[in-house]
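*Asks:* Okay, handing you the structure first.
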Ligand SMILES: NC(=O)c1ccc[n+]([C@@H]2O[C@H](COP(=O)([O-])OP(=O)(O)OC[C@H]3O[C@@H](n4cnc5c(N)ncnc54)[C@H](O)[C@@H]3O)[C@@H](O)[C@H]2O)c1
């Protein structure tokens, strides 16, 4: 019988790609998404249309906050694995709209964890973010580093979900993996993210706002590398005695729980990333240099040794190649 995977946020950027990979590999997938209008719903519908071409895909439209609907969806499907990628994303929007983040990310994730506990799910994988490292100055970021000082409300909700998950994992011995994503980009990406806005404006000859005068670094991770990492983790289920095996202090001592970075392990200067876009588009950007934004961090860089030890994870995509692939898709999708 095909393994059943329940994926929240399946119409979102990462959720779409992850769902597609499992379907391509012969798994049965039930997607769950509110199809909210935080960004272009048309893009979410296009992703969903592609997934609906697969016979092994089913879809439930719903809000994580509505516990009864979420439970119905999960209990009817009876998955053995849940991958929770639905969330209100975006650092900037969280400054003006914190309540949405509390509802979707904290209450919503609690509902997913509670359902996973009731169904005795084999492995619950939850999407978190490099933003939980806040303004830490020690690079690269390691899972063992202190993460007590988030600088955006978004990041604070992500950190909260990690804590909620650990408590449930410890209380009920529920196997949970938390994945801290580092700036994910690629085809079918999120229109609210900087590289997407830059592309749109460069093509239209409109100015692009560059914060902190471009002196910012990001560990840009190409979507296919993220999907590879998640896929390889499917059956690597966290166990209580994993500390002995991996000798890594970031693994829980009291729960089948682990936190793993998933990034490209290279930090790229924002201005270099923009240069690569300009080069591929054969057009110069009209640059407006701005001060640092509230809630933003100067730099991110992942250490992914633990994920590599567990799965052999090996991100391959250089940012210049990833940008090419993104632009191919973008120019084709938007004609
Ligand atoms: N893309 C990145 O660079 C990045 C970086 C760090 C962390 N993350 C995390 O990865 C996960 C996926 O992000 P993404 O980039 O695919 O974002 P996305 O916005 O494209 O996808 C999230 C999906 O969740 C759905 N959703 C939001 N709130 C919901 C709710 N309350 N109930 C049901 N559905 C809801 C949205 O409609 C959307 O389709 C999120 O947890 C995000 O915080 C992403």
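In the working numbering, the protein residues as written are 168 to 502.
Glycine residues also receive a C-beta, built at the ideal position from the N, C-alpha and C atoms.
How about residue 379 and residue 457: are their beta carbons less than 9 Å apart?
*Replies:* Taking the first residue of the chain shown as 1, we reach residue 379 at position 212. Taking the first residue of the chain shown as 1, we reach residue 457 at position 290. With a cutoff of 9 Å on beta-carbon distance, residue 379 and residue 457 are scored as near each other.
*Asks:* Does the beta-carbon distance from residue 175 to residue 269 come in below 9 Å?
*Replies:* On the chain shown, residue 175 is found 8 positions in, with the first residue counted as 1. On the chain shown, residue 269 is found 102 positions in, with the first residue counted as 1. Cβ distance not < 9 Å, so residue 175 and residue 269 don't count as in contact.
*Asks:* Answer yes or no: the CB of residue 275 versus the heavy atoms of ligand 3, is any distance below 8 Å?
*Replies:* Annotation note on ligand 3: not contained in the displayed structure, which lists ligand 1 as its ligands.
*Asks:* Give a single yes or no on whether residue 247 has its beta carbon closer than 8 Å to a heavy atom of ligand 1.
*Replies:* The residue you call residue 247 lines up with position 80 of the chain shown. It does not: the Cβ of residue 247 is nowhere closer than 8 Å to a heavy atom of ligand 1.
*Asks:* Looking only at DSSP bridge pairs, what is residue 469 linked to?
*Replies:* Walking along the chain shown from the start, residue 469 turns up at place 302. For residue 469, which the question treats as bridged, DSSP gives the partners 308.
*Asks:* Could you check if residue 314 belongs to the surroundings of ligand 1, using beta carbon to heavy atom distance under 8 Å?
*Replies:* Here residue 314 refers to the residue found at position 147 when the chain shown is read from its first residue. Placement of the Cβ of residue 314 at a distance of 8 Å or more from every heavy atom of ligand 1 is found.
*Asks:* In angstroms with no decimal places, state the Cα-to-Cα distance between residue 451 and residue 433.
*Replies:* What you label residue 451 is simply residue 284 of the chain shown in a count that begins at 1. What you label residue 433 is simply residue 266 of the chain shown in a count that begins at 1. The alpha-carbon atoms of residue 451 and residue 433 are separated by roughly 25 Å.
*Asks:* Using only the heavy atoms of ligand 1, determine whether one of them is closer than 8 Å to the beta carbon of residue 205.
*Replies:* Taking the first residue of the chain shown as position 1, residue 205 is located at position 38. Residue 205 Cβ: within cutoff of ligand 1.
*Asks:* Compute the Euclidean distance between the alpha carbons of residue 273 and residue 476, then round it to the nearest angstrom.
*Replies:* Locating residue 273 in the chain shown gives position 106, counting from the first residue. Locating residue 476 in the chain shown gives position 309, counting from the first residue. If I take the Cα positions, the gap works out to 30 Å.
*Asks:* For residue 367, which three-state DSSP category applies?
*Replies:* Here residue 367 corresponds to residue number 200 of the chain shown, with the count starting at 1. Residue 367 falls in the helix class under three-state DSSP.
*Asks:* If you pair each beta-carbon of the stretch 422-437 with each one of the stretch 301-309, do three or more pairs fall below 8 Å?
*Replies:* Flag = yes, the stretch 422-437 and the stretch 301-309 touch.
*Asks:* If distances are taken between C-alpha atoms only, which option among 198, 490, 191, 471 comes closest to residue 177?
*Replies:* As a working mapping, residue 177 is identified with position 10 in the chain shown. With distances taken between Cα atoms, residue 177 lies closest to 198.
*Asks:* With a CB to CB cut of under 6 Å and the five nearest residues on each side skipped, what residues in its chain are close to residue 263?
*Replies:* In the chain shown, the residue the question calls residue 263 occupies position 96. Within the same chain, residue 263 has no close Cβ partners at all.
*Asks:* Please determine whether the Cβ atom of residue 199 lies at a distance below 8 Å from any heavy atom of ligand 1.
*Replies:* Start at 1 with the first residue of the chain shown, and residue 199 comes out as number 32. Within the cutoff, so yes.
*Asks:* Do residue 172 and residue 248 have their C-beta atoms closer together than 9 Å?
*Replies:* In the chain shown, residue 172 corresponds to position 5, counting from 1. In the chain shown, residue 248 corresponds to position 81, counting from 1. The answer is yes: Cβ separation under 9 Å.
*Asks:* Just to confirm before moving on: does the CB-CB distance between residue 342 and residue 246 stay below 9 Å?
*Replies:* Along the chain shown, read from residue 1 onward, the residue named residue 342 stands at position 175. Along the chain shown, read from residue 1 onward, the residue named residue 246 stands at position 79. If you check the CB distance, residue 342 and residue 246 do not come in under 9 Å.
*Asks:* Rounded to whole angstroms, what is the Cα-Cα separation between residue 219 and residue 184?
*Replies:* Working through the chain shown from its first residue, we reach residue 219 at position 52. Working through the chain shown from its first residue, we reach residue 184 at position 17. So the two alpha carbons sit approximately 13 Å from each other.
*Asks:* Given a threshold of 16 other Cβ atoms within 10 Å of its Cβ, counted over all protein chains shown, does residue 354 qualify as buried or as exposed?
*Replies:* The count along the chain shown starts at 1 and reaches residue 354 at position 187. Classification of residue 354: buried, given that the 10 Å Cβ count is 16 or more.
*Asks:* Quick one: measure Cβ to Cβ for residue 275 and residue 232, integer angstroms, because I've assumed they're closer than 8 Å.
*Replies:* Residue 275 sits at position 108 when you count from the first residue of the chain shown. Residue 232 sits at position 65 when you count from the first residue of the chain shown. So it is a contact: roughly 6 Å between Cβ atoms.
*Asks:* Have a look at residue 221 and residue 190 and give me their C-alpha separation to the nearest angstrom.
*Replies:* Stepping through the chain shown from its first residue, residue 221 is reached at position 54. Stepping through the chain shown from its first residue, residue 190 is reached at position 23. Cα to Cα, the separation comes out at about 7 Å.
*Asks:* Using the beta-carbon count (16 or more within 10 Å), is residue 444 buried or exposed?
*Replies:* Sequence index remark: in the chain shown, residue 444 carries index 277 (1-based). Its Cβ being crowded by 16 or more others within 10 Å, residue 444 is buried.
*Asks:* Quick check on residue 427: does DSSP put it in helix, strand or coil?
*Replies:* Here residue 427 corresponds to residue number 260 of the chain shown, with the count starting at 1. Residue 427 falls in the strand class under three-state DSSP.
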